[in-house]
Amino acid sequence: MARTAVIYHSEYLNHGVDDHPENKRRLEAVMRFLEEEGVLRAPEVKVLEPERAGIEEVMLNHDVEYIEYVRALSD
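So this is what it looks like as structure tokens:
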């Protein structure tokens, strides 16, 4: 039974902030390491694609004011 999930999608590699710690090269290195070490093939690990969160799920971690602020930025 899987006890650990790795949430991954190749689209994560499009996050284009090269000078930030969360960048494409780091994600590629982490995933390569997990693959080479056999972690991703272990029975305790399941690799899942992300699912879009609904507003109720987003509100579990962010207050309404922040959600509205981010929404306004994307308009």
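Start counting the sequence shown at 0; every next residue gets the next number (numbering that gives the first Met the number 0). Cβ atoms here follow ideal geometry from the backbone N, Cα and C, with glycine treated the same way. Here the structure is a predicted model, which is why all the values come from computation and not from measurement.
{"Check": "Sort out for me which residues DSSP pairs I6 with in a bridge.", "Outcome": "L47"}
{"Check": "For T3, which of E10, V44, S9 and V63 has the nearest alpha-carbon?", "Outcome": "V44"}
{"Check": "Identify, in the order they occur along the chain, each residue of the same chain with its Cβ nearer than 7 angstroms to the Cβ of I6, setting aside the five sequence neighbours on each side.", "Outcome": "L47 and P49"}
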